[in-house]
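A quick write-up on the structure given underneath.
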Amino acid sequence: MIDDDDGAAVFLIEARELQGAIERNLLDLSAAPGDRALIDALFRDIHTLKGSGAMFGHVDLAHFLHGFETAFEALRAPGRTASDALINVALRACDQITALLDDAAAARAGNASILEALDVALGGAAPAADPPADTSPAMPAAAPAEEGWRISFSLGPTALGLGVNVPALLAELTDLAPDAVRITCEAAALPALDALDPACPPFAWTVEIAAALDRARIDEVFLFLRDDLVLDVTPLSGPDAGSAPDRVPETPPQTVSAAPPGASADAPAEPVPGTATRQRERSTMRVATERLDEIMDRVGELVIAESRLHDLSMALQSPALMAVAEDIRRLTSGMRETTMSIRMLPIGNLFSRFRRLVHDLSDQLAKPIDFVTTGGETELDKTVIELLNDPLVHILRNAADHGIEDGTARTAVGKPRQGTITLSATHAGAEVHIRIRDDGRGLDAGKLRAKAIERGLLPANSQATGPELFRLIFEPGFSTAPAVTELSGRGVGMDVVRSVVQGLRGQIDVDSEPGHGTTVTLRLPLTLAITDGLLVEVGGERYSIPVAAVEECVELPPDLALGAGRSNFLNVRGDLVPFLRLAEVFETPGPRPDFQKVVIVAGSHGRIGLVVDRIVANAQTVIKQLSCIHAGLKAFSGATILGDGTVALILDVGHLIALGTAIEDRARKRKGAA
845 MIDDDDGAAV FLIEARELQG AIERNLLDLS AAPGDRALID ALFRDIHTLK
895 GSGAMFGHVD LAHFLHGFET AFEALRAPGR TASDALINVA LRACDQITAL
945 LDDAAAARAG NASILEALDV ALGGAAPAAD PPADTSPAMP AAAPAEEGWR
995 ISFSLGPTAL GLGVNVPALL AELTDLAPDA VRITCEAAAL PALDALDPAC
1045 PPFAWTVEIA AALDRARIDE VFLFLRDDLV LDVTPLSGPD AGSAPDRVPE
1095 TPPQTVSAAP PGASADAPAE PVPGTATRQR ERSTMRVATE RLDEIMDRVG
1145 ELVIAESRLH DLSMALQSPA LMAVAEDIRR LTSGMRETTM SIRMLPIGNL
1195 FSRFRRLVHD LSDQLAKPID FVTTGGETEL DKTVIELLND PLVHILRNAA
1245 DHGIEDGTAR TAVGKPRQGT ITLSATHAGA EVHIRIRDDG RGLDAGKLRA
1295 KAIERGLLPA NSQATGPELF RLIFEPGFST APAVTELSGR GVGMDVVRSV
1345 VQGLRGQIDV DSEPGHGTTV TLRLPLTLAI TDGLLVEVGG ERYSIPVAAV
1395 EECVELPPDL ALGAGRSNFL NVRGDLVPFL RLAEVFETPG PRPDFQKVVI
1445 VAGSHGRIGL VVDRIVANAQ TVIKQLSCIH AGLKAFSGAT ILGDGTVALI
1495 LDVGHLIALG TAIEDRARKR KGAA
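Residue numbers for the sequence shown, in the working numbering: 845 to 1518.
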């Protein structure tokens, strides 16, 4: 039996998608106020949501949307364009839709004031809060056959359980052409009373509309219901097509015939003429995130079990077992890739949310700001996308408040009056790079340095510049804003940004040029679950290096493996590559092998060699979070369980590159001082 709440849950999900589409179209309309296609699209979305809301019992929402729809009906008149005032009120109406979906009882009090504001913005074309009495013009005596539709539908086995409201559906169809509709209800064979299934009544309805209508308007009525009905829509034809149908009676006429004597109650009913014989095939389905997480956990355990089987087959050297282990590895790898692809979503879904944020910030700060997004098709793990919302909000607020100058200041220095904030995403190996760039005033290095010295973050004689100085904006409570505003100034937001990015095992960089703007770059892993790793051994312990970061593996020349004071640079085909001896970094005691290996890894800040005792193998690694005790170990981004049950730490390549670069810089400074 289907839970009655399932239909309501599906409606809420799809209603929020429609609300998002309305908001996006409103923001597009603000840039093209006279675009008829956008106005028509808005009208259709509002109308669809109104009808579906009524069908699922959201009466307050339907009444509010009726007034909203009336406003945009007025806007469709020739010569009308959307003013900034109307767009702003319509965006408030979008917020009201969300509030009504969340809690109609608490939000309904706000309906009247918003509809009033819509009236004012339209210049007096008052939208009513409740549907008005029918004032539609009478239909002409004859309508051409090609201008009418016959709609036949019956309920699927899950329709009533999912909340399909047939009277509301018929009322919605009637509203399309109130004086041009005829409805009949039929039952081809009525089963015996004890065999009647109340969840799936044996009725079918035929609605004839003899009026000029786009097929799209009929499709909108059934937008949420196509998977729950047997539906057939055909143009009206035949001798009756040209005559106006009767007005819809209060109770639709019914043609019901009982099952003939001796007929089985379980016998299938004859199909109603004109109805489709099968439901529309489902091409997509919604799955709860919790179920995807559970599947991902199971796949992770499967990867660990596969690794154990592989190790066992190698130890026993059984050809049959090795063949089975190889098949299991291939199947596990395919399942992992499929499961990972299901969890990947285009980041454009997240980016589109921020158009409204920047629009509101532009109004609030009285700064004209153009918001540009690129790379929306870039895919990222769903969990990562969900956690990125708050950090990006903080960065965008800072860019609008502190980065972009007001129009007068910009024109005074030869810039366009309108500032630009660009949000972009690109793939970079196993990472996604998200950049937020503004073309504003840039960071003031002098102010940053003075504030840092004042707070004791830098010594009094510090001459810090560049990235070292810019990273200070992420310190808790650090702000150079002269005053605290509703938007920023307390020095809290950017600290939150750093915490979230580090929690995602990512990195954050800031680059700024005075007078030309600031760029904040987030470097994030594609996924937080499973990745390919290169197992290496150092001092008897095994570590995993993400394969996506590995460029190549070479042997450490014997002359570089000797004694103190040795060089920390490796000549790789003419390029000098700095390297780190992991045994020294991890303070691992014991002798080193005669022949050590160097794993060359690359990241956003350059490349470096990691000296290891030996390379073990490639392996799929299931990433486990470090405990709170080990969370402060910056050289590691997580841990994984190997096939033999031991734990290997996963190296944080970005941190090791930064560490190697810092050591290299200090060595150069000492050499310069000498």
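A virtual CB, placed ideally from N, CA and C, is assigned to each residue, including glycine.
Environment of residue i [buried if 16+ CB atoms lie within 10 Å]
{"i": "P1401", "result": "exposed"}
{"i": "L1175", "result": "exposed"}
{"i": "G1384", "result": "exposed"}
{"i": "Q1161", "result": "exposed"}
{"i": "M1338", "result": "buried"}
{"i": "R1349", "result": "buried"}
{"i": "I1186", "result": "exposed"}
{"i": "S896", "result": "buried"}
{"i": "S1471", "result": "exposed"}
{"i": "H1246", "result": "buried"}
{"i": "N1462", "result": "exposed"}
{"i": "D1041", "result": "exposed"}
{"i": "G1300", "result": "exposed"}
{"i": "M1129", "result": "exposed"}
{"i": "D1419", "result": "exposed"}
{"i": "A1111", "result": "Legend: pLDDT at A1111 = 43, less than 50; position of this residue unreliable, value from coordinates given subsequently. So A1111 counts as exposed."}
{"i": "T1095", "result": "The predicted position of T1095 is uncertain, since its pLDDT is 38 and thus under 50; a value taken from the coordinates is nonetheless stated next. So T1095 ends up on the exposed side."}
{"i": "L1477", "result": "exposed"}
{"i": "R1417", "result": "exposed"}
{"i": "P976", "result": "Interpretation of P976 is limited by its pLDDT of 40, a score under 50 that renders its predicted location unreliable; no figure is taken from the coordinates."}
{"i": "D928", "result": "exposed"}
{"i": "E1134", "result": "exposed"}
{"i": "F1314", "result": "buried"}
Nearest-angstrom Cβ-Cβ length linking residue i and residue j, presumed shorter than 8 Å
{"i": "E1275", "j": "L1370", "result": "7 Å"}
{"i": "V1202", "j": "L1240", "result": "6 Å"}
{"i": "T1078", "j": "R1142", "result": "That belief does not hold up - the Cβ atoms of T1078 and R1142 are roughly 47 Å apart, past 8 Å."}
{"i": "D1437", "j": "D1457", "result": "It is Pro, not Asp, that sits at residue 1437 in the sequence shown. Right, the Cβ-Cβ distance comes to about 5 Å (below 8 Å), so this counts as a contact."}
{"i": "L1424", "j": "G1504", "result": "5 Å"}
{"i": "I1374", "j": "V1466", "result": "5 Å"}
{"i": "N1233", "j": "L1194", "result": "7 Å"}
{"i": "L959", "j": "G911", "result": "4 Å"}
{"i": "S1481", "j": "I1494", "result": "5 Å"}
Residue i: first and last residue of the uninterrupted beta strand (DSSP E) it sits in
{"i": "N1009", "result": "Here N1009 belongs to no beta strand (DSSP E), and DSSP marks it neither H nor E."}
{"i": "V1147", "result": "Run containing V1147: none in the beta strand (DSSP E); it sits in the alpha helix (DSSP H), 1133 to 1160."}
{"i": "V1077", "result": "1073 to 1079"}
{"i": "K1441", "result": "1441 to 1447"}
{"i": "A1294", "result": "That residue, A1294, is in no beta strand (DSSP E); its alpha helix (DSSP H) goes 1289 to 1298."}
{"i": "L1267", "result": "1263 to 1272"}
{"i": "H1246", "result": "Where H1246 is concerned, there is no enclosing beta strand (DSSP E), given that its DSSP letter is neither H nor E."}
{"i": "Q1351", "result": "1351 to 1357"}
{"i": "G1421", "result": "Position check: residue 1421 holds Val in this sequence, whereas Gly was assumed. That run of the beta strand (DSSP E) goes 1419 to 1425."}
{"i": "A1048", "result": "1048 to 1053"}
First and last residue of the uninterrupted alpha helix (DSSP H) at residue i
{"i": "R805", "result": "Summary: the structure shown does not reach residue 805, with the chain confined to residues 845 through 1518, and so no result is reported for it."}
{"i": "L1454", "result": "Where L1454 is concerned, there is no enclosing alpha helix (DSSP H), although the beta strand (DSSP E) it sits in stretches over 1450 to 1456."}
{"i": "R1200", "result": "1198 to 1209"}
{"i": "I1314", "result": "The question names Ile, but residue 1314 is Phe in the sequence shown. It spans 1310 to 1314 - the alpha helix (DSSP H) in which F1314 sits, taken as one unbroken run."}
{"i": "A1060", "result": "1059 to 1065"}
{"i": "V1394", "result": "First-last for V1394: 1394 to 1399, but that is the beta strand (DSSP E), not the alpha helix (DSSP H)."}
{"i": "T1255", "result": "1251 to 1256"}
Residue i versus the options, residue with shortest Cα-Cα distance
{"i": "V1237", "options": "P1260, I1280, V1257", "result": "I1280"}
{"i": "L909", "options": "R920, R924, L886, A1446", "result": "L886"}
{"i": "F1322", "options": "T1309, K1291, P1311", "result": "K1291"}
{"i": "S1388", "options": "G1418, A1479, R1451", "result": "A1479"}
{"i": "L862", "options": "T914, L945, G878", "result": "L945"}
{"i": "L893", "options": "C938, A1308, G954, T1252", "result": "C938"}
{"i": "R1026", "options": "V1008, K1259, W1049", "result": "W1049"}
{"i": "L1156", "options": "L1486, H1499, A1492, A1502", "result": "L1486"}
{"i": "A1286", "options": "V1460, T1264, N1305", "result": "Residue identity differs from the one stated: residue 1286 is Gly in this sequence, not Ala. Nearest C-alpha to G1286: T1264."}
{"i": "G1450", "options": "P1422, V1442, R1199, I1317", "result": "P1422"}
{"i": "T1222", "options": "M1188, A948, R1342", "result": "M1188"}
{"i": "A1159", "options": "H1499, A1506, A1031, D1488", "result": "D1488"}
According to DSSP, residues forming a beta bridge with residue i
{"i": "G1482", "result": "I1494"}
{"i": "V903", "result": "Beta-bridge pairing links V903 to no other residue."}
{"i": "M1184", "result": "DSSP, once it has assigned bridges, lists no residue as partnering M1184."}
{"i": "L1366", "result": "I1278, I1352"}
{"i": "Q1464", "result": "D1376"}
{"i": "G1383", "result": "In the DSSP output, where bridge partners are listed per residue, G1383 has none listed."}
{"i": "S1388", "result": "L1379, I1494"}
heavy atom of the ligand GDP below 7 Å from residue i C-beta
{"i": "L1175", "result": "With respect to small molecules bound, the structure shown includes none, and the ligand GDP cannot be examined in it."}
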